[in-house]
Amino acid sequence: MPQWFVKGLRRGVVTTRYPARPDPLAAILPGPPAFRPDALTSRIAEDLVRICPSRAFARAGGTLIFDAGACTACGRCRDQAPAAVTVSGEFELAATDRSALIKRIPLRGEASTDEVTA
Amino acid sequence: MSSEPGAPAAMPAGLDATADELRRRIARQFGRSLHIRTLDTGSCAACEQEIRMLAAPHYDLHRLGFFLTPAPRHADLLLVTGPMLRAFASAARKTYDAMPSPKFVVATGACALGGVYQPDEFSYGSVAAHLPVDVWIPGCPPSPLALLQGLMVAVDRMAEKASQLTFIAGGTL
């Protein structure tokens, strides 16, 4: 709020330019996680499935299924496995198809078996 | 989505393409003026807080041709929050039926998308289990910027990005 006030005094306009231009405040929004497949072992994946309070994770063979629509950006997965889970910083997540929000994340060393077991 | 009188009645081969084209034509008609009715089907009100901020000077949704209306009969788009409680289901259906066609339904927030509550005797668990949803906006709650992007996707003024995202760090995120 104070920075909007200063900005308003300087330019006379407080309104964001989004969507014509990116909004700098978007960088500090809470967002869904991003994953590092080289550090994501099957044991970590099982932990994530267990701790997620909104059931955004599921296991299917050699992949971790992540439902960005179910994610509440609580950050528990990042606290559980900081080496494998980071912040995506993405907020433009609107989808015209619910299944477009369900992503398959390969696990370390098991990516080749994905097609066989999934 | 309702069909137009002039649209071909049966086109088995190119039906999907026809439906997509019709959807885009309807969206373009709404592109300059869209009236929004919000519907709380049992949310914690965090989503409502963010929707309310859309009308504040920083986001100012009116500059983009979006308007909030209290009357379903004036609304083109139903912005639905919450996990669709069964006690509210008939009211939600009446609201949807009262809106003139063509109309959009946008599910807003993780509850409405089916992430937080399982279907049980109290709630359907997601909006899509009770109403036909056109656009899904994730987030808990979705920020006003995310809501703006969802509305722009609904009226086909912005392309949806979600299907391109991989959520793999350092990849094609």
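First to last, the protein sequences are chains S and X.
Read left to right, the first sequence gives residues 0 to 117 (numbering that gives the first Met the number 0).
Read left to right, the second sequence gives residues 0 to 172 (numbering that gives the first Met the number 0).
In this text, a Cβ means the ideal position worked out from N, Cα and C, and glycines have one as well.
With 16 other Cβ atoms within 10 Å as the buried cut-off, status of residue i
i	result
Ser98(S)	exposed
His129(X)	buried
Gly149(X)	buried
Pro69(X)	exposed
Met10(X)	Any reading at Met10(X) must be qualified, since the residue scores a pLDDT of 48, below 50, and its modelled position is unreliable; no value is offered.
Lys102(S)	buried
One or two residues paired with residue i in a DSSP bridge
i	result
Phe65(S)	Phe56(S) and Lys102(S)
Ile136(X)	Thr107(X)
Val79(X)	Leu38(X) and Ala106(X)
Ser122(X)	Leu84(X)
DSSP-derived helix/strand/coil call for residue i
i	result
Arg31(X)	coil
Pro71(X)	helix
Pro143(X)	helix
Thr85(S)	strand
Ser41(S)	helix
Ala25(S)	helix
Cβ of residue i within 8 angstroms of any chain X Cβ
i	result
Leu47(S)	no
Asp78(S)	no
Arg58(S)	no
Thr40(S)	no
Arg62(S)	Sequence inspection shows Thr at residue 62(S); the Arg mentioned does not correspond to that position. No, its Cβ sits nowhere closer than 8 angstroms to a Cβ of chain X.
Pro31(S)	yes
Arg16(S)	no
Listed by chain order, chain C residues near residue i by CB distance under 7 angstroms
i	result
Gly149(X)	Here the protein chains are S and X, and chain C is not one of them.
Nearest to residue i (by Cα), restricted to the options the options
i	options	result
Ala91(X)	Ala54(X), Pro131(X), Thr68(X) and Phe65(X)	Pro131(X)
Ser142(X)	Cys46(X), Arg36(X), Ala16(X) and Arg27(X)	Cys46(X)
Val115(X)	Leu63(X), Asp75(X) and Pro140(X)	Pro140(X)
Ala26(X)	Val154(X), Ala168(X) and Ser42(X)	Val154(X)
Asp46(S)	Arg77(S), Asp66(S), Ala25(S) and Ala33(S)	Arg77(S)
Pro71(X)	Met98(X), Glu49(X), Ile50(X) and Ala54(X)	Met98(X)
Met151(X)	Pro56(X), Leu63(X), Ala44(X) and Thr40(X)	Leu63(X)
Ser174(X)	Leu33(X), Ser89(X), Ala44(X) and Pro56(X)	Not covered by the structure: residue 174(X). The range shown for chain X is 0 to 172.
Beta carbon proximity, residue i to chain S, threshold 8 angstroms
i	result
His129(X)	no
Ser162(X)	yes
Pro7(X)	Reliability fails at Pro7(X), whose pLDDT of 42 lies under 50, so the model's placement of it is uncertain and no value is given.
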